[in-house]
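Encoded as structure tokens, the structure appears first; notes follow it.
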Ligand SMILES: Cc1cc2nc3c(=O)[nH]c(=O)nc-3n(C[C@H](O)[C@H](O)[C@H](O)COP(=O)(O)OP(=O)(O)OC[C@H]3O[C@@H](n4cnc5c(N)ncnc54)[C@H](O)[C@@H]3O)c2cc1C
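Numbering (this note's numbering), first residue to last: 335 to 730.
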């Protein structure tokens, strides 16, 4: 059987895997990253929304071909149709070309010295006792082995690395998404991202419209367990009810899963780190995981190299990764998760009232898991009695 050896072996060339690979290579360690598809970034399962800071922190500029549309307004649409527009003052967003974006991240890792091997599907970790020492995979129909001092699972929400290592089988809570790429539109303004909330559109989640230009949008629906029909049926209803989209051409149908129960308890073991979706690192309120994965990958790569240089790749040493991730990103994920659970208790009527009283800043903070406690405290003061009780119950 063919065997490969490296200091670090990464499974998955999405944002988490490519950022880990780039970081490890820049620090001078020997790294291989493997990807089951022929080209990183293809196929795309994503709304393709990302902030300017997410793009820049990935080491790219917000220019073609990585981005297609600048977004300067986030429009939240309440169940009764009332809209709240959040205009960019200190932020701006973009609709990515995710296939180009992910490809560029993997190319940057290769330029830094990482070895990318595509069309290789990992089938499980290799363990010696409790220690992960490598990965089994299929290459050209044959089994191969990758041996490494540290293995990184960056293989998305259904991570075979996580499951075969004996860590969590799956997540406690997730959003099921359906998405169309629609063309042939004539939008008035393509710099507005729309977020439609309420059980009638998307129980437990939201419907989104992310323009790629005036003629093309990603339009999708994400639902949680309270849904009564498949996500695609909510999406079809959503489109049928909006004259802007009714007669558009469906260029592509996609979808996928976003884990929203927060970072898993166990994301590190002897010789192994999980990063990105495989670890549950998405902002639960928005399902946004690209930026989390980028930052998580950078930390994972650095901690892995430091641990190898110290000759200690134990769970205890690698846990420095978790501690560092949690100080900012992990905290945001936890806070945004609490907001999601609070909103689960709101009826569509409650959401209509909330849209009347909430400030623009508070929406941004609550959706992104930033300054949530103070946003909540401010909201309680402005809210009518029923909402006040719901919010207070959450704050206890
Ligand atoms: C419908 C939908 C819309 C979304 N919209 C947004 C959005 O607008 N903005 C945002 O920030 N986030 C969005 N997300 C979430 C975002 O896509 C993920 O959080 C992000 O891609 C996570 O990056 P990752 O590198 O951890 O995993 P992935 O991007 O999933 O990458 C994992 C990689 O591992 C590879 N792989 C998997 N298994 C194996 C194996 N066995 N062997 C080898 N390779 C393997 C895969 O092919 C893939 O390339 C959306 C998700 C969905 C489902």
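C-beta: ideal position from N, C-alpha, C; glycine also.
What is the rounded straight-line gap between the Cα of residue 346 and the Cα of residue 420?
Spanning the two alpha carbons is a distance of roughly 35 Å.
Between residue 466 and ligand 1, is there a pair consisting of the residue's CB and a ligand heavy atom that are separated by less than 7 Å?
No; taking the cut-off as 7 Å, the Cβ of residue 466 has no heavy atom of ligand 1 nearer than that.
Write down the C-beta distance between residue 410 and residue 725 rounded to the nearest angstrom, noting that I regard them as a contact closer than 8 Å.
No, residue 410 and residue 725 are not in contact; Cβ-Cβ is about 17 Å, not under 8 Å.
Taking Cβ to Cβ, would you say residue 443 is nearer than 8 Å to residue 359?
Yes, the pair counts as a contact, with Cβ atoms nearer than the cut-off.
Just to confirm, are residue 482 and residue 468 a CB contact at a threshold of 8 Å?
Result yes, Cβ atoms of residue 482 and residue 468 sit closer than 8 Å.
Below 8 Å on the Cβ atoms is my contact criterion, and I expect residue 484 with residue 610 to pass it. Report the Cβ-Cβ distance as a whole number of Å.
The Cβ separation is near 16 Å, so there is no contact.
Is it the case that the Cβ atoms of residue 320 and residue 551 are separated by a distance below 8 Å?
Here the chain covers residues 335 to 730 and nothing more, so residue 320 does not appear.
Would you kindly work out how many angstroms separate the C-alpha atoms of residue 691 and residue 711, rounded to a whole number?
Their backbone Cα atoms lie some 13 Å apart in a straight line.
Starting from residue 354, trace the alpha helix (DSSP H) in both directions and tell me its first and last residue.
It spans 349-360 - the alpha helix (DSSP H) in which residue 354 sits, taken as one unbroken run.
Between which two residues does the alpha helix (DSSP H) harbouring residue 696 extend?
Looking at the DSSP string, the run of the alpha helix (DSSP H) that includes residue 696 is 694-702.
Does the CB of residue 483 have a neighbour CB from chain B at under 8 Å?
Protein chains in the displayed structure number just one, and chain B is not present.
Can you give the Cα-Cα distance for residue 575 and residue 499, rounded to whole angstroms?
Near 46 Å, if we compare the C-alpha coordinates of residue 499 and residue 575.
Output the distance between the C-alpha atoms of residue 619 and residue 728, rounded to the nearest integer angstrom.
Their backbone Cα atoms lie some 15 Å apart in a straight line.
Note the first and the last residue of the continuous beta strand (DSSP E) segment covering residue 419.
Per DSSP, residue 419 belongs to the beta strand (DSSP E) from 417-421.
Could you tell me the distance, in whole angstroms, from the CA atom of residue 677 to the CA atom of residue 413?
Their Cα atoms are separated by approximately 13 Å.
Just checking residue 691 against ligand 1 - is the residue's beta carbon closer than 7 Å to any of the ligand's heavy atoms?
Residue 691: no, Cβ never under 7 Å from ligand 1.
Can you tell which of 383, 479, 510 and 474 has its C-alpha closest to the C-alpha of residue 372?
That would be 474, whose Cα lies nearest to the Cα of residue 372.
When we look at the beta-carbon of residue 436 and count the other beta-carbons within 10 Å, is it buried (16 or more) or exposed?
Looking at its Cβ environment, which holds 16 or more other Cβ atoms inside 10 Å, residue 436 is buried.
Go to residue 368, then tell me how far its beta strand (DSSP E) extends in each direction, as first and last residue.
From DSSP, the beta strand (DSSP E) with residue 368 extends over 365-369.
So if DSSP puts residue 552 in a beta bridge, which residue, or which two residues, is it bridged to?
Looking at the DSSP assignment, residue 552 forms a beta bridge with 515 and 544.
Tell me the residue span of the alpha helix (DSSP H) that contains residue 638.
It spans 624-644 - the alpha helix (DSSP H) in which residue 638 sits, taken as one unbroken run.
Comparing alpha-carbon positions, which option in 654, 679, 631 and 716 lies nearest residue 490?
Of the listed residues, the one whose Cα sits closest to residue 490 is 631.
Of the choices 694, 486, 381 and 699, whose alpha-carbon is the least far from that of residue 587?
Nearest option by C-alpha distance: 381.
Whole angstroms is fine: what's the gap from residue 383's alpha carbon to residue 715's?
For residue 383 and residue 715, the distance between alpha carbons rounds to 33 Å.
Spatial neighbours of residue 680 within its chain, please: CB distance less than 6 Å, with the 5 preceding and 5 following residues excluded, ordered by chain position.
No residues qualify anywhere along the chain.
Exposed or buried, residue 547, counting other C-beta atoms within 10 Å across all chains shown (16 or more means buried)?
So residue 547 ends up on the exposed side.
Out of 494, 721, 642 and 617, which one is the CA nearest neighbour of residue 472?
Among 494, 721, 642 and 617, the Cα nearest to that of residue 472 belongs to 494.
Figure out for me which residue from 502, 717, 540 and 388 has the closest Cα to the Cα of residue 530.
When each option's Cα is compared against that of residue 530, the closest is 540.
Return yes when the C-beta of residue 612 is under 7 Å from any heavy atom of ligand 1, and no when it is not.
Flag set: Cβ of residue 612 near ligand 1.
For the pair the segment 664-678 and the segment 390-408, tell me if three or more CB-CB distances fall below 8 Å.
Because the criterion of three Cβ pairs below 8 Å is not met, the segment 664-678 and the segment 390-408 do not touch.
Tell me which residues share the same chain as residue 684 and place their Cβ nearer than 8 Å to its Cβ, disregarding the 5 neighbours each side in the sequence.
For residue 684, where only same-chain residues beyond five positions count, the Cβ hits under 8 Å are 720, 721 and 724.
So residue 505 and residue 614 are supposed to be a Cβ contact under 8 Å. How far apart are they, rounded?
So it is a contact: roughly 6 Å between Cβ atoms.
The beta strand (DSSP E) spanning residue 477 covers which residue range?
476-487 is the extent of the beta strand (DSSP E) around residue 477.
Would you check if there are 3 or more beta carbon pairs closer than 8 Å linking the segment 563-575 to the segment 590-604?
Result no; under three Cβ-Cβ pairs closer than 8 Å.
Look at residue 352 and residue 377 and say whether their C-beta atoms are less than 8 Å apart.
No, Cβ-Cβ distance for residue 352 and residue 377 is not below 8 Å.
In whole angstroms, what is the alpha-carbon distance linking residue 349 and residue 343?
Distance between the alpha carbons of residue 349 and residue 343: 15 Å.
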